[in-house]
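Participant: Below you'll find the structure I mean.
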Amino acid sequence: MTTNAVETVGLTRRFGALTAVNDLRLSVPAGSIFGLLGRNGAGKTVTIKMLTTLLPPSSGHATVAGFDIVAQATQVRRRIGYVPQMLSADGGLTGYENLLVSARLYNVNGRDRRRRIAEGLALMELEESADTLVRHYSGGMIRRLEIAQGLLHRPAVLFLDEPTVGLDPVARHAVWEHLRRVQKTFGTTLFLTTHYMDEAETLCDHAAILHRGQLAVVGSPAELMRRVGPDATFDDVFAHFTSSSAEIDERGYREAQRARRTARRLG
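Quick note, the sequence shown lines up with residues 1109 to 1375 if you use our numbering.
Set out below in structure tokens:
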């Protein structure tokens, strides 16, 4: 039987009259790479805040690594890592010092601390830069360091918010390879958000698309592309399931393409 690292049932969050996330039902298999996609304001950030115990749900429930996000929030926090979109590494410290601070914050004991820092530097190919101030790192190196920080306590689930935003294509592909290595080495479940459809298609075993706070579709990238049309790209999938016409009916691949072309023409 497949164990799910993340389960949500009817997960809902309201802010007054606004329903940011509505009746979300997800199952994320342990050890998989899962992408949560959607336009700005679709509910991705609110969902991650609930799953990482930063924001209580208005109704429904969810478990992460087998623990309830409300009733067992402390247990959840011990078993997750989080790499935010905003810069979290300290540019005034070296790579090693950043990892040392994180290890202490995660209560990694002294016997394991040095070994895990060394493993993190090796895994992210930062050994030669360990004693360099992070302000001198490239964007890709900083992101790899932040991923290493989030892995020091060996989380069951690592949440990543836009892990390659702002990086050039070479650095993005390097981060992808390192994330695959994390999954293979530790069996970590990776739960990420991204606006890059090539990233979702390449990395994710499964992806869910949110539209106006509701789940529009979930499945593997290949399944979703087949569903939209024989020659569909993942960009077509995203356009189809985040357009108003896709909510109203299932007019298919050509309609989604037409909507995307119109949106581009209008800017």
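No residue lacks a Cβ here, since even glycine has one placed at the ideal position from N, Cα and C.
1) Considering only residues of the same chain and omitting the five flanking positions on each side of G1118, which have a CB-CB separation below 6 Å?
2) Could you name the residues of the same chain whose beta carbon sits closer than 8 Å to that of V1209, not counting the 5 residues immediately before and after it, in chain order?
3) Alpha carbon to alpha carbon, how far is M1158 from N1206?
4) Return the CA-CA distance between V1154 and R1121, expressed in angstroms with no decimal places.
5) Given a threshold of 16 other Cβ atoms within 10 Å of its Cβ, counted over all protein chains shown, does P1277 qualify as buried or as exposed?
6) Between D1176 and the rest of its own chain, which residues show a CB-CB distance below 8 Å, the 5 nearest in sequence each way excluded?
7) Straight-line CA distance for H1261 to Y1214?
8) When burial is assigned at 16 or more other CB atoms within 10 Å of the CB, is A1315 buried or exposed?
9) Identify whether V1114 lies in helix, strand or coil by the three-state DSSP scheme.
10) Please classify P1263 as buried or exposed, where buried requires at least 16 other C-beta atoms within 10 Å of its C-beta.
11) Using DSSP with H/G/I as helix, E/B as strand and the rest coil, what is I1156?
12) Can you tell me which of the three DSSP states Q1291 falls into?
13) At which residues does the alpha helix (DSSP H) containing T1297 begin and terminate?
14) Once you ignore the five residues that flank I1255 on each side, which residues in its own chain have a CB closer than 8 Å to its CB?
15) Under a Cβ-count criterion, where at least 16 other Cβ atoms within 10 Å of its own Cβ denotes burial, should L1300 be classed as buried or exposed?
16) Roughly how many angstroms lie between the CA atoms of Q1193 and T1297, to the nearest whole one?
17) Grouping DSSP H, G and I as helix and E and B as strand, with all else coil, what is H1348?
18) Between the C-alpha atoms of S1328 and A1211, what's the straight-line distance to the nearest angstrom?
Facilitator: Let's see:
1) D1131, G1168
2) D1198, L1201
3) 27 Å
4) 8 Å
5) exposed
6) H1169, A1170, V1184
7) 6 Å
8) buried
9) strand
10) buried
11) helix
12) helix
13) T1297 -> not in any alpha helix (DSSP H); beta strand (DSSP E) instead, spanning 1297-1301.
14) V1191, M1232, L1266, L1268, P1271, V1283, H1286, L1287, V1290
15) buried
16) 18 Å
17) helix
18) 35 Å
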